[in-house]
Structures are given as structure tokens and as C-alpha cells.
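Student: Read in the numbering used here, the sequence shown has 354 at position 328, and its numbers run on one by one without any break. Even for Gly, the Cβ is constructed at its ideal location relative to N, Cα and C. On a predicted model such as this, the values are computed, not experimentally measured, just so you know. Quick one: this structure, given as C-alpha cells, is what I'll be asking you about.
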Amino acid sequence: MATDLRLPTHKIVRPDKDRFLNEENPFEAMMSRFDRAAELLDLEPGIYRVLRNPEKQIIISIPVQLDNGDVEVFTGYRVLYNTSRGPAKGGIRFDMQVTLEEVKALAAWMTWKCAVVNIPFGGSKGGVVCDPLKMSAGELERLTRRYTAGIISILGPDSDVPAPDVNTNERVMAWIMDTYSMHARHTVTAVVTGKPVEMGGSLGRREATGRGCMFVTKEALHHLGMPVQGATVAVQGFGNVGSIAAQLLQREGCKITAIGDRSAALHNPAGIDVEDAVRYVKQNRSLDGYTKGELISNDELLTLDVDVLVPAALENVITSKNAAKVRAKLICEGANGPTTAGADAILEEKGIFVIPDILANAGGVTVSYFEWVQDRGGYFWSEDTVNERLRDIMTRSFRDVLSLSRQHKVNMRTAAYMLAISRVSTVHKLRGIYA
Ligand code: NAD
27 MATDLRLPTH KIVRPDKDRF LNEENPFEAM MSRFDRAAEL LDLEPGIYRV LRNPEKQIII
87 SIPVQLDNGD VEVFTGYRVL YNTSRGPAKG GIRFDMQVTL EEVKALAAWM TWKCAVVNIP
147 FGGSKGGVVC DPLKMSAGEL ERLTRRYTAG IISILGPDSD VPAPDVNTNE RVMAWIMDTY
207 SMHARHTVTA VVTGKPVEMG GSLGRREATG RGCMFVTKEA LHHLGMPVQG ATVAVQGFGN
267 VGSIAAQLLQ REGCKITAIG DRSAALHNPA GIDVEDAVRY VKQNRSLDGY TKGELISNDE
327 LLTLDVDVLV PAALENVITS KNAAKVRAKL ICEGANGPTT AGADAILEEK GIFVIPDILA
387 NAGGVTVSYF EWVQDRGGYF WSEDTVNERL RDIMTRSFRD VLSLSRQHKV NMRTAAYMLA
447 ISRVSTVHKL RGIYA
């Protein structure tokens with residue numbers, strides 16, 4: 027019989043409640059949203075405590091021989107936040123800004139994201155503190171393989187399945203899959219997603235997150251009674267998510283008036299030819315030197331007078347300091363955690379409709395799920411099938427969250443957390459606590 031986690035005499039005690047919230051600590055930012063949704067759901071205190079803590083946190087030292095013969099030691103993390111609904115799923119990030127707090131937040135977001143789109147995965151995330159732009163391909167390969175070996179005991183198609191994130195890509199996934207397979211003594215394609223198509227990757231995976239952003243942006247525009255045709259859009263981040271979202275929104279008839287990356291941001295009220303900018307970035311690795319627009323700062327990009335703003339770079343770009351200046355009517359959070367908890371209330375007061383990250387960028391993990399299903403079944407789908415099934419899941423999830431937000435008179439972020447937390451907590455109640 028399932029254990030009853032209800033503790034009737036206890037009220038939820040929120041550790042952060044009377045403490046100063048560091049709005050730029052992503053884990054605290056995630057937790058403050060979690061707390062609000064948990065309170066509205068009247069979550070049982072036992073389950074509340076379970077869901078507030080990551081299941082497993084791994085920190086490893088990764089020695090790597092550099093090309094010049096020196097040995098450098100990097101720090102790597104892998105956090106399994108919650109696996110009650112299925113194997114953990116979450117990307118791996120290579121970046122100098124990676125911290126355990128960030129990885130924990132990203133792993134929790136993965137848990138809620140998989141639950142919002144109702145795919146049978148839990149959430150995890152990994153990261154290595156390094157600057158991949160300063161490393162050779164050989165150094166990156168040795169780093170990736172040694173990191174994989176360091177966390178291999180938790181990896182596996184049934185336990186924890188990585189994917190690409192900031193500064194990791196198909197090639198990195200291929201090295202992880204190969205390293206894992208060498209240890210397993212047979213080829214295990216389903217241990218990672220976001221692999222090259224030639225070795226078990228899914229058609230449409232590379233574009234899936236940006237495509238998902240496009241589907242939910244269209245849904246939101248319809249909901250707000252705004253035409254897609256001619257809607258003006260500013261996109262921050264011109265990597266996998268931002269560039270694809272910009273291209274697909276442009277194909278749907280939107281006018282992309284600003285784009286930006288780490289090196290430069292450009293504004294052109296007449297519209298930027300996104301395909302041309304993508305070609306430029308392929309040749310030059312960044313937007314630096316691209317001249318088909320007026321150079322603006324990344325901060326200015328966020329406050330342009332546009333219909334849609336797509337932050338698709340890193341966390342904490344819309345904060346309590348600049349939220350009042352945001353003029354977009356709709357924000358589609360392509361990145362994870364681009365808006366701080368402090369900015370939420372300001373955006374809501376201004377009547378800005380926010381499609382929260384755990385819904386807006388869930389297209390990537392949804393097609394990762396399709397990839398995992400295809401690998402395990404050994405039968406691969408056409409790109410049209412992938413894209414149609416992605417559209418179905420993204421539009422259904424958008425409508426589920428919208429209907430909950432109307433029912434409880436809360437914003438889309440709170441509704442998405444409520445939906446996710448109720449799905450995860452239901453499974454916890456059914457499973458009970460193993461003792
Ligand atoms: P990416 O490395 O392909 O691209 C990141 C982009 O952001 C680059 O254009 C980079 O120049 C830009 N950037 C970095 N720092 C910046 C700064 N300070 N100001 C402006 N631009 C900056 O990464 P990605 O895969 O596109 O991921 C972007 C975001 O989307 C991350 O938050 C990631 O976690 C999230 N995300 C990615 C996926 C996916 O499938 N790739 C899925 C869900 C969420």
C-alpha cells in the first residue's frame with residue numbers, strides 16, 4: 027500500500043520565506059516560484075520537503091592532459107533532482123559560470139519541464155567549469171570522456187540520459203555515447219540524446235527547442251488577439267535556440283527587428299534577414315562585425331518596443347532592475363531562467379504575458395524523448411512525424427497551462443509550476459516512500 031505522506035498537523039515551513047532572496051541565485055529563484063505554487067496547491071508538507079531537495083549531487087575533479095603537456099584539473103557536476111516519473115533527463119553545460127547552485131536549479135527545472143509536457147522523465151543537469159572556446163578539439167574530447175567516466179555509475183538509458191546545453195553539441199554527445207558504450211561492452215545509443223542522426227539521433231532534434239518556442243509564441247499571440255503576420259520580435263542569444271526560433275518565426279511571417287549574441291546586438295526596424303545572419307555566424311562564429319542593423323547594447327535589446335521578446339541566452343537577464351523598462355507585450359523564455367523572481371511581479375503588473383521557460387523551451391526535451399523512444403525501439407521516424415508530434419505536445423501543454431492559469435487566476439509561470447508539481451507529487455503519493 028502506498029505510504030501516506032500527509033502530515034496533518036504540520037504547515038508548510040518555507041525556509042526562504044523570511045530570508046533575503048538573492049534573486050540572481052538560480053536555485054533560490056527556482057525555489058521561490060516552487061514555494062508559491064506549492065502553497066497554492068496546498069501541497070502536503072512531506073511531499074513538499076521531498077520535492078525541495080535534489081536526490082543526488084555529484085562533484086568530480088577531472089584531470090585532463092592539455093595539448094602542451096600540462097595537466098589541468100576541471101570541476102564537473104551532475105545533479106539528479108527527481109526521478110519519480112522516470113529516468114533523469116538533462117543537458118550538460120560547459121561554461122566558466124557553472125556552479126553547483128546553477129546545476130541544481132537547472133536539474134529542478136528539467137524535472138518540472140518534463141512534467142509540464144507530460145513526458146515520462148525526471149530531471150537532471152550537468153556542468154563542467156571550463157572555457158571550451160579556448161580549448162582544442164582534442165582537449166575537449168579528453169575532458170568529455172573523463173567527465174563521462176567520472177559519472178558513469180549514474181548514467182544509463184534507464185537512469186540518467188544527458189543532452190546538449192550551452193557550449194555542448196552533437197559531437198560532445200557522440201563522445202559520451204562512445205565512452206559509455208566502451209564501458210558497457212556494447213553500443214548503447216539511448217544513453218544520450220542530441221546525437222548525430224547517423225548514430226541514432228533524431229531528425230528535428232537540433233531545431234526542436236527553437237521550433238517549440240515558435241509553436242507556443244504563435245499560440246500566445248492568438249490568445250492575446252495579436253496577428254502573427256508582422257508581429258515584431260527581438261531575440262537575445264543567437265545560438266541553437268535563438269537562431270532557430272528567429273528563423274522559424276520569420277518563416278511564419280513575424281518581423282525580426284533585433285538579434286544579439288555574446289559579441290554584438292543589432293536593431294533594424296525594417297526587419298533583419300535571419301537566414302543571412304545565420305550564414306554570417308556560421309562563417310564568423312559570432313555576430314561580431316555583422317553590419318545589417320544599428321549596433322545596440324544587449325540591455326537595449328531587452329527593452330525595445332516590440333511585440334515579442336525571446337531571451338534565448340543565459341539566466342538572469344530580466345531582473346528587478348530592468349523589468350520596468352521592458353516594452354514587449356509577450357515574452358517567450360527560450361533560455362532557462364532568463365527572468366528573476368524579482369522581475370516576475372513587475373512584468374505581471376505591466377500586463378506582459380510571459381511563456382515561462384519550463385513550457386517555452388520544452389521542445390528540446392520533448393524531441394529528446396522522441397529520440398530515446400526511437401533508439402530503444404530501433405525504428406526511426408520522418409522529420410515531419412517528429413515535428414507534428416512536437417507541435418501536438420507543445421500546443422496541448424500551452425493550453426493545459428493557460429487553462430490552469432485562468433482557473434486559479436494566476437500567471438502562466440505559476441500555473442506551469444502548479445501543473446508540474448501536481449504531476450510529480452501524484453506519482454510520489456502513488457509510489458510511497460521506500461524504507
Ligand atoms: P548556445 O551555446 O547554442 O547559444 C547561446 C547563445 O547565447 C550564443 O549566441 C551566445 O553568444 C549567446 N550569449 C551568451 N552569453 C550572452 C550574453 N551575456 N549576452 C547575450 N548573448 C549571450 O546555447 P543554446 O543551446 O542556444 O542555449 C541557450 C539557452 O537555452 C540556455 O539557457 C539553455 O539552457 C536553454 N535551452 C537550450 C536547449 C537546447 O536544446 N539547446 C533546450 C532548452 C533550453
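What did DSSP end up calling P188 once you bin it into helix, strand or coil?
Tutor: Residue state, collapsed to three classes: strand.
Student: Along the beta strand (DSSP E) that carries G117, what are the first and last residues, could you check?
Tutor: Start and end: A114 to F120.
Student: In whole angstroms, what separates the C-alpha of G112 from that of A338?
Tutor: Straight-line Cα distance between these residues: approximately 28 Å.
Student: Cβ of D184 within 6 Å of any heavy atom in the ligand NAD?
Tutor: No, since every heavy atom of the ligand NAD falls outside the 6 Å radius drawn around the Cβ of D184.
Student: What does the alpha-carbon distance come out to for the pair A441 and L430?
Tutor: Spanning the two alpha carbons is a distance of roughly 6 Å.
Student: Between F53 and the ligand NAD, is there a pair consisting of the residue's CB and a ligand heavy atom that are separated by less than 6 Å?
Tutor: Result no, Cβ not under 6 Å from the ligand NAD.
Student: At a cut-off of 6 Å, would you count V198 as near the ligand NAD, judging by its Cβ distance to the nearest heavy atom?
Tutor: No, Cβ of V198 sits at least 6 Å from all heavy atoms of the ligand NAD.
Student: Does the distance from the CB of V129 to the CB of K151 come in under 7 Å?
Tutor: Yes, they are a contact pair.
Student: Between A131 and the rest of its own chain, which residues show a CB-CB distance below 6 Å, the 5 nearest in sequence each way excluded?
Tutor: Excluding positions up to five away in sequence, the list reads P52, F53 and M56.
Student: Taking the alpha carbon of L126 as the reference point, which residue from T101, H434 and I145 has its own alpha carbon closest?
Tutor: Of the candidates T101, H434 and I145, the one whose C-alpha sits nearest the C-alpha of L126 is T101.
Student: If you follow the beta strand (DSSP E) that V380 is in, where does it begin and where does it stop?
Tutor: Residues F379 to I381.
Student: Exposed or buried, what is S323 when buried is set at 16 or more other beta-carbons lying within 10 Å of its beta-carbon?
Tutor: Exposed.
Student: Please work out which residues of its chain come closer than 7 Å, Cβ to Cβ, to E81, disregarding the five sequence neighbours upstream and downstream, and give them in chain order.
Tutor: L106, Y107, N108 and T109, listed in sequence order.
Student: Could you give the first and the last residue of the continuous beta strand (DSSP E) run that contains L106?
Tutor: Per DSSP, L106 belongs to the beta strand (DSSP E) from V97 to N108.
Student: Using CA coordinates, which residue listed in D287, A257, I282 and P253 is at the minimum distance from N266?
Tutor: Comparing Cα-Cα distances from N266 to each of D287, A257, I282 and P253, the minimum goes to D287.
Student: Specify the secondary structure class of L292 as computed by DSSP and reduced to three states.
Tutor: Correct three-state label for L292: strand.
Student: Between the region 274-284 and the region 293-312, do three or more beta carbon pairs fall short of 8 Å?
Tutor: Touching, yes, given that three or more Cβ pairs across the two stretches are closer than 8 Å.
Student: L416 and G389 - do their beta-carbons sit closer together than 7 Å?
Tutor: Contact: yes.
Student: Smallest Cα separation from R172: which of A272, N387, M208 and P146?
Tutor: Nearest C-alpha to R172: M208.
Student: Could you give the distance in angstroms between the alpha-carbon of P158 and the alpha-carbon of V192?
Tutor: Cα-Cα distance, rounded: 10 Å.
Student: State whether the region 217-227 contacts the region 138-146, with contact taken as three or more CB pairs (one from each stretch) at a distance under 8 Å.
Tutor: Judged by Cβ distances under 8 Å, the region 217-227 makes no contact with the region 138-146, as fewer than three pairs qualify.
Student: What span of residues does the beta strand (DSSP E) with V217 cover, start to end?
Tutor: No beta strand (DSSP E) contains V217, which DSSP labels as neither H nor E.
Student: In the structure shown, what three-state DSSP assignment does L229 receive?
Tutor: Correct three-state label for L229: coil.
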